[in-house]
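Trainee: Residue numbers (the working numbering), protein chains in the order written: chain A, 65 to 432; chain B, -14 to 317. Here a beta-carbon is modelled for each residue, glycine too, at the ideal position from N, C-alpha and C. Just dropping this structure here.
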């Protein structure tokens, strides 16, 4: 696996030619949407990486006194009828319980700009930490899917014949399962094991020094949860897209003169695939990878929403919690969803930009 | 190759894929921890009863015998016994199928009815406000998780404005149809309207991604076709612009769209699973999710197989349709 990753890295190095860079820059200058996409994605990645420096509160800190506070600009003031009680019993007046009007405030505060959830936890902080889970699963899942899919696809396309038939029939079978259904079944079977690693921003003391500077309390969660099973499952249900694209590229590249020349010179198949086929097939794979990060983030949020999540700091998980309060506190479900939409829009814009700049031939919409 | 031979070949490939699906699904149970007999029996049961139940379920036989038995059962429509309700699994699955099918069809109707005109308008009024609106809508549409969209629709249209019910499916379109053929028109009409009232939000929820996708495809396809020589020729010979757009350009645009939509049917069914969860819609998705939580493997396996078979059959139909609308297609 490590070996294959190294091959991929080397291919990436070789794949970006000066011409490609020129195209990238030209497309970027011409397209405002591409800039928006890059800004969104960079912001989300930074937020995910440095979550303890972006979140105003500990996302797990409960405060029942501040439960269901609305976001800024949505303070409400309602009156409700309550029965008057004296010495613990209801006061009866003219045969009916005496009532009085009481004002109920739902106050927004600067301390919680996006409001609080049912347990009084700060939604903004939870959205910041949720970015971590989404980005981790999105990027790790895509890398894993790419390594498996590209290896299978290049092998199938390069050798052709029976190897190709067998691998591609296998891919057909995979495609007959809706990815969400297969993912649910696999997570249901395997459970949702997760691994905790220490958060370098917190353990290095960086958050302890920086947070007091803006007046925020310290004591953030000390570990990052990597939902391992979810990463493996999303890769398992998505590798087949990479395999199809890589196979298509390899099928045409194996006819190229330089591949034939290398073979005539006695280069091994492994060497030819790694040094000649992969670098020339890398462009559509990168474009697909960007779209796949978006697709996997959506898949992860769906899994978490349905309760198959390795961590409780996930956008989908919070939407499921917020759904229980849909008739009283819309913001609990709304805010994490907006974060998903923003992230996926950014990734799609980034993908469009890369596609237009790197590979004018791919043409509009792919099957992803 | 003739059309008939092409379809025969596709059918054989489809059967192979279905066999693969069945094999993978059969294997699912064996990578899962936990013995099916434990789901079925109370923990304090005697070893003798346990052995008896294991034998009844056929779990004591060698793996390949179980595999052959399972496939033989499937061929006769037997998917095993639900471990939870202890009834026929295939009966439960078929009972839930209409709810999922009607939801998927309603979503597809919503998508096609909105997306194709929107894509055409977007392409023919390029770089005008309508085009920008359609582009922003389609970008947002492919980027929005449908379960979240469903909850937002519930909050705004059902909870706040009280226009639609928040969830559930009190009647199915199949009930309305049954009363229609029994000439009970009043009953059929009231059931149909109740059904429409309940299906609207789930259909929008499930259909939005497809609406966005088909809008994008129609727009880019129309732009490409409108730049072709035959369009210029049609205009030059004085054909009315509406005829040029809708009879010539749109027709050619729709051909590749059929293929992509066919490939995306899996996404539609996956989306239906989660849409059902949001709206308490009693279909296959709800059955699968509850089945996994209760470790009711026969029901989960059967449902996934039904979905896989549906996907394969629909893809063959899409191929046939594709061959029908596009006389230039070569069958290989």
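Would a check of beta-carbon distances place residue 426/A closer than 9 angstroms to chain B?
Mentor: Counting from one through the first chain, the residue named residue 426/A turns up at place 362. The predicted position of residue 426/A is uncertain, since its pLDDT is 44 and thus under 50; no value can be drawn from it.
Trainee: Where does residue 46/B fall in DSSP's three states?
Mentor: As a working mapping, residue 46/B is identified with position 61 in the second chain. Coil, per DSSP.
Trainee: By a C-beta neighbour count over all protein chains shown, 10 Å radius and 16 as the cutoff for buried, is residue 94/B buried or exposed?
Mentor: For the purposes of this step, residue 94/B is identified with residue 109 of the second chain, where counting begins at 1. Exposed.
Trainee: CB-CB under 7 angstroms to residue 131/A, same chain, minus the five flanking residues each way: which ones, in chain order?
Mentor: One-based indexing of the first chain puts residue 131/A at position 67. Here the set comprises 180, 182, 183 and 184.
Trainee: Mind reading off the beta-carbon distance from residue 254/B to residue 89/B? Whole number of angstroms is fine, and I expect it under 8 angstroms.
Mentor: Here the question's residue 254/B lines up with position 269 in the second chain. Here the question's residue 89/B lines up with position 104 in the second chain. Right, their Cβ atoms sit about 7 angstroms apart.
Trainee: In whole angstroms, what separates the C-alpha of residue 347/A from that of residue 288/B?
Mentor: Along the first chain, one-based indexing puts residue 347/A at 283. Along the second chain, one-based indexing puts residue 288/B at 303. Distance between the alpha carbons of residue 347/A and residue 288/B is about 38 angstroms.
Trainee: Would you kindly work out how many angstroms separate the C-alpha atoms of residue 126/A and residue 186/A, rounded to a whole number?
Mentor: By one-based count along the first chain, residue 126/A stands at place 62. By one-based count along the first chain, residue 186/A stands at place 122. So the two alpha carbons sit approximately 8 angstroms from each other.
Trainee: DSSP on residue -10/B, reduced to helix/strand/coil?
Mentor: Position 5 of the second chain, counted from the first residue, corresponds to residue -10/B. In the structure shown, residue -10/B sits in a helix (DSSP, three-state: H, G or I).
Trainee: Can you give the Cα-Cα distance for residue 79/B and residue 132/B, rounded to whole angstroms?
Mentor: Translated into the one-based positions of the second chain, residue 79/B becomes position 94. Translated into the one-based positions of the second chain, residue 132/B becomes position 147. Residue 79/B and residue 132/B: Cα-Cα distance of roughly 25 angstroms.
Trainee: Which of the three DSSP states is assigned to residue 71/B in this structure?
Mentor: Position 86 of the second chain, counted from the first residue, corresponds to residue 71/B. Coil at residue 71/B, not helix or strand.
Trainee: Can you tell me whether residue 287/A is buried or exposed? The criterion is at least 16 other CB atoms within 10 Å of its CB, across all chains shown.
Mentor: Numbered from 1 along the first chain, position 223 holds the residue referred to as residue 287/A. Exposed.
Trainee: For residue 66/B, list the residues DSSP reports as bridge partners.
Mentor: For the purposes of this step, residue 66/B is taken as residue 81 along the second chain, with counting starting at 1. According to DSSP, residue 66/B bridges with 73/B.
Trainee: Specify the secondary structure class of residue 93/B as computed by DSSP and reduced to three states.
Mentor: Position 108 of the second chain, counted from the first residue, corresponds to residue 93/B. In the structure shown, residue 93/B sits in a helix (DSSP, three-state: H, G or I).
Trainee: With the cut-off set at 9 angstroms, would you say residue 36/B and residue 29/B are in Cβ contact?
Mentor: Start at 1 with the first residue of the second chain, and residue 36/B comes out as number 51. Start at 1 with the first residue of the second chain, and residue 29/B comes out as number 44. Result no, Cβ atoms of residue 36/B and residue 29/B do not sit closer than 9 angstroms.
Trainee: Anything in the segment 386 to 402 of chain A with a Cβ closer than 7 angstroms to a Cβ of chain B? List those residues in chain order, please.
Mentor: The segment 386 to 402 of chain A vs chain B, Cβ under 7 angstroms: 387, 390, 391, 394, 397, 398 and 401.
Trainee: My understanding is that residue 292/A touches residue 104/A, with C-beta atoms under 8 angstroms, so please give their C-beta distance in whole angstroms.
Mentor: Here residue 292/A refers to the residue found at position 228 when the first chain is read from its first residue. Here residue 104/A refers to the residue found at position 40 when the first chain is read from its first residue. Not a contact, Cβ separation roughly 27 angstroms.
Trainee: Using the rule of at least 16 other Cβ atoms within 10 Å of the residue's Cβ for burial, across every protein chain shown, is residue 12/B buried or exposed?
Mentor: The residue labelled residue 12/B in the question sits at position 27 within the second chain. It counts as exposed.
Trainee: Using the beta-carbon count (16 or more within 10 Å), is residue 418/A buried or exposed?
Mentor: Position 354 of the first chain, counting from 1, holds the residue named residue 418/A. Buried, by the Cβ-count rule.
Trainee: Rounding to the nearest angstrom, what Cα-Cα distance links residue 414/A and residue 226/B in this structure?
Mentor: Against the first chain, residue 414/A aligns to sequence position 350. Against the second chain, residue 226/B aligns to sequence position 241. For residue 414/A and residue 226/B, the distance between alpha carbons rounds to 36 angstroms.
Trainee: Can you pull the chain A residues whose beta carbon is under 9 angstroms from the beta carbon of residue 168/B, in chain order?
Mentor: On the second chain, position 183 is the one that residue 168/B refers to. None at all; the shortest Cβ gap to chain A is about 39 angstroms.
Trainee: Tell me the rounded alpha-carbon separation between residue 223/B and residue 109/B.
Mentor: Along the second chain, one-based indexing puts residue 223/B at 238. Along the second chain, one-based indexing puts residue 109/B at 124. Rounded to the nearest angstrom, the two C-alpha atoms are 18 angstroms apart.
Trainee: I want to see whether chain A comes within less than 9 angstroms of residue 302/B, judged by CB atoms only; does it?
Mentor: Within the second chain, numbered from 1, the residue matching residue 302/B stands at position 317. Output row for residue 302/B: interface = no.
Trainee: Can you give me, in chain order, the residues of the segment 220 to 242 of chain A that have a beta carbon less than 8 angstroms from any beta carbon in chain B?
Mentor: Listed in sequence order: 233, 234, 236, 237, 239, 240, 241 and 242.
Trainee: Which bits of chain B does residue 383/A rub up against, with CB to CB less than 9 angstroms?
Mentor: Position 319 of the first chain holds residue 383/A. By Cβ distance, chain B contributes 130, 132, 133 and 136.
Trainee: Using only the heavy atoms of the ligand HEM, determine whether one of them is closer than 8 angstroms to the beta carbon of residue 274/A.
Mentor: With respect to small molecules bound, the structure shown includes none, and the ligand HEM cannot be examined in it.
Trainee: What's the gap between the Cα of residue 212/A and the Cα of residue 384/A?
Mentor: The residue labelled residue 212/A in the question sits at position 148 within the first chain. The residue labelled residue 384/A in the question sits at position 320 within the first chain. Taking the straight line joining both Cα atoms gives about 32 angstroms.
Trainee: On the criterion of 16 or more Cβ atoms from any shown chain inside 10 Å, does residue 277/A qualify as buried, or is it exposed?
Mentor: Start at 1 with the first residue of the first chain, and residue 277/A comes out as number 213. With fewer than 16 Cβ atoms within 10 Å of its Cβ, residue 277/A is classed as exposed.
Trainee: Quick check on the burial criterion: 16 or more other C-beta atoms within 10 angstroms. Buried or exposed for residue 302/A?
Mentor: Your numbering for residue 302/A matches position 238 in the first chain. Residue 302/A should be labelled buried.
Trainee: Where do the ends of the beta strand (DSSP E) carrying residue 260/A lie?
Mentor: Taking the first chain and counting its residues from 1, the one referred to as residue 260/A is at position 196. That run of the beta strand (DSSP E) goes 259 to 262.
Trainee: Report, in whole angstroms, the separation of the C-beta atoms of residue 162/B and residue 185/B, which I expect to be a contact under 8 angstroms.
Mentor: Here residue 162/B is taken as the residue at index 177 of the second chain, counted from 1. Here residue 185/B is taken as the residue at index 200 of the second chain, counted from 1. At roughly 19 angstroms, the Cβ-Cβ gap does not stay under 8 angstroms, so residue 162/B and residue 185/B are not in contact.
Trainee: For residue 91/B and chain A, any beta-carbon pair shorter than 9 angstroms?
Mentor: To locate residue 91/B, count along the second chain from 1; it is residue 106. It does not: the Cβ of residue 91/B has no partner Cβ on chain A nearer than 9 angstroms.
Trainee: Span of the beta strand (DSSP E) holding residue 287/A?
Mentor: Translated into the one-based positions of the first chain, residue 287/A becomes position 223. 287 to 290 is the extent of the beta strand (DSSP E) around residue 287/A.
Trainee: Where does residue 149/A sit, in a helix, a strand or coil, going by DSSP?
Mentor: Within the first chain, residue 149/A is the residue found at index 85, counting from 1. The answer is strand: DSSP assigns residue 149/A an E or B state.
Trainee: Looking at the C-beta of residue 118/A, does it have a partner C-beta in chain B at a distance below 9 angstroms?
Mentor: Translated into the one-based positions of the first chain, residue 118/A becomes position 54. It does not; no Cβ of chain B falls within 9 angstroms.
Trainee: Would you mind reading off the limits of the alpha helix (DSSP H) that contains residue 108/A?
Mentor: Indexing the first chain from 1 puts residue 108/A at position 44. Counting along the chain, the alpha helix (DSSP H) containing residue 108/A begins and ends at 96 to 113.
Trainee: For residue 307/B, tell me which candidate among 96/B, 243/B and 63/B has the shortest Cα-Cα distance.
Mentor: Taking the first residue of the second chain as position 1, residue 307/B is located at position 322. Comparing Cα-Cα distances from residue 307/B to each of 96/B, 243/B and 63/B, the minimum goes to 243/B.
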